[in-house]
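Residue numbers (the working numbering), protein chains in the order written: chain A, 326 to 606; chain B, -19 to 188. No residue lacks a Cβ here, since even glycine has one placed at the ideal position from N, Cα and C.
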């Protein structure tokens, strides 16, 4: 194997080891590079920031543990923003049953930080199967989809829900997801049918799918991956997991690009060497 | 009859719900709310069916000690432990057994599985991104620009890369995704029509 072939076929174990180090070392020794804020993250922040204390938002934590590295910091950032401003929050988790656990975790953390009361400052409705039908049903009446909250209390018995019937009483729905529930659920059914503004926080790999909804105004704003979460942490001036995690992402992205370039240099030089050998021979 | 009745139900439900959407009358709204209720109830049965099918499959594997029966045992034990923790040891709230198992077992397992993707993406990108043709070169350049432009260090290296990356996402990406979205939308309408009219019957099972 000549040098060019070696450049094109580096042992994958070396790649794996370097990727692991590129994530671990910056976590232990942070670079803390400044995070730039994109307009889609700023739009979502500004929409929520303009709400008054007592306004109600619906946060749908539609992710599970597999994607919590990206979605969890976003959800926590927006919960912190809402609670710090006295905005009331309705929480659902509609994509997968295991999302209930992650929703409970992030909600508990934010509630403890801001000392909020269940039924007065927030309501956790939980999970129901068939997200499309549940999203439509909440547009008619929250009680149609969720007669009781996650803890079994009837919605009539929750003071916060007294004046809340459907999306007409909600200022914005923000969904955090790693699935098509964002567009085939919230954008189409809640936004399209009932006209409630929609914001989204999605995994980086999915983010490109949603720019069309930003341009058409069907999404108020978008947080894409860990970067989106870091942007939100910067906007609310509460640096946490996402900003710390961005250092690892910085180095890992550069490392991947470096290997792509090495592979291509090997490819072109190898091709050139073969061609000159052919001419020479 | 086994085919005609489901086809008739599908046709009636499809046509009634399509017409209902355009009639803002009280009766029409009642039908709509009733349909939503039914849909959620049927969805609940799907979960029951799923669990039933999972138990039947793994019990059979365990009984006949087929290859991988050990995994079936773990699956059934996990299902039983989570169900017992949820049903008999208090509500599914923080600090209770159900949530403890979720936080300390399921959470790291699922997060670890997904984290492995980073390694495979890195390896796949290194091997697949070769400038073999004009199209492949375009893809390679776009990927590098977006990868570097989206992280803070990109702007430190070369500041315009951030704007170029944003432009790529806002225009070429958005145009392509919208075209795909329109195609998917039209496809969904045509498939829905085929199902309502009984042309597409594969959902009934039994081959053709």
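| Item | Value |
| --- | --- |
| Any C-beta of chain B under 8 Å from that of residue 575/A | yes |
| Every unbroken beta strand (DSSP E) inside the stretch 390 to 445 of chain A [3 residues or more] | 413 to 417 |
| Inter-residue spacing [alpha-carbon to alpha-carbon] between residue 108/B and residue 140/B | 27 Å |
| For residue 535/A and residue 507/A, the rounded distance between their alpha carbons | 9 Å |
| With 16 other Cβ atoms within 10 Å as the buried cut-off, status of residue 567/A | buried |
| Close-in-space but distant-in-sequence residues of the same chain around residue 564/A (CB under 6 Å, 5 per side omitted) | 558 |
| Neighbour flag for residue 619/A against chain B, beta carbons, 8 Å | Since the first residue of chain A shown is 326 and the last is 606, residue 619/A is not available in this structure. |
| Minimum Cβ-Cβ distance from residue -11/B to chain A less than 8 Å | no |
| Beta-carbon spacing of residue 491/A, residue 358/A below 8 Å | no |
| Contacting residues, own chain, Cβ-Cβ under 6 Å from residue 452/A (five flanking each side not counted) | 418, 422, 425 |
| CB contact below 8 Å: residue 478/A versus chain B | no |
| Residue(s) in a DSSP beta bridge with residue 548/A | 526/A |
| Chain-ordered chain A contacts of residue 27/B [CB-CB under 7 Å] | 454 |
| Chain-ordered neighbours of residue 74/B on chain A, where CB pairs are closer than 8 Å | 429, 430, 433 |
| Extent of the continuous alpha helix (DSSP H) run through residue 117/B | 114 to 129 |
| Rounded distance between the beta-carbons of residue 110/B and residue 588/A, thought under 8 Å | 7 Å |
| Under 9 Å from the C-beta of residue 592/A: neighbouring residues of chain B | 110, 111, 112 |
| Chain B contacts made by the stretch 491 to 511 of chain A, where a contact means CB separation under 7 Å | none |
| Counterpart residues of residue 451/A in DSSP-defined beta bridges | 417/A |
| Residue 52/B, buried or exposed, once every other Cβ within 10 Å from all chains shown has been counted against 16 | buried |
| Residues sharing a beta bridge with residue 98/B, DSSP | Looking at the DSSP assignment, residue 98/B forms no beta bridge with any residue, so it has no partner. |
| Any alpha helix (DSSP H) of 4 or more consecutive residues that is wholly inside the stretch 470 to 522 of chain A | none |
| Collapsed DSSP secondary structure at residue 385/A in the structure displayed | strand |
| Continuous alpha helix (DSSP H) stretch holding residue 359/A: start and end | That residue, residue 359/A, is in no alpha helix (DSSP H); it is neither H nor E in DSSP. |
| Whole-Å CB distance - residue 384/A paired with residue 400/A, under 8 Å assumed | 7 Å |
| Proximity test, Cβ basis, 8 Å: residue 140/B and chain A | no |
| Residue 9/B, DSSP secondary structure in three states | helix |
| Close Cβ partners of residue 70/B (< 6 Å) along its chain, the five nearest in sequence each way excluded | 76 |
| Whole beta strand (DSSP E) elements within the stretch 538 to 603 of chain A, 3-residue minimum | 547 to 549 |
| C-beta contact flag for residue 474/A and residue 483/A at 8 Å | yes |
| Beta-carbon gap between residue 578/A and residue 127/B smaller than 8 Å | yes |
| Cβ-based neighbour list, residue 561/A, same chain, cut-off 8 Å, excluding 5 preceding and 5 following | 370, 402, 405, 406, 409 |
| Assigned exposure category for residue 488/A - 16 Cβ within 10 Å defines buried | exposed |
| Chain A within 8 Å of residue 178/B, Cβ atoms only | no |
| C-beta neighbour in chain C for residue 13/B, strict 8 Å | This model lacks chain C altogether, as its protein chains are A and B. |
| Rounded separation between residue 606/A and residue 332/A - CA only | Here the model assigns residue 606/A a pLDDT of 44, short of 50, so the residue's position is not dependable, and the following value carries that caveat. Roughly 25 Å between the two C-alpha positions. |
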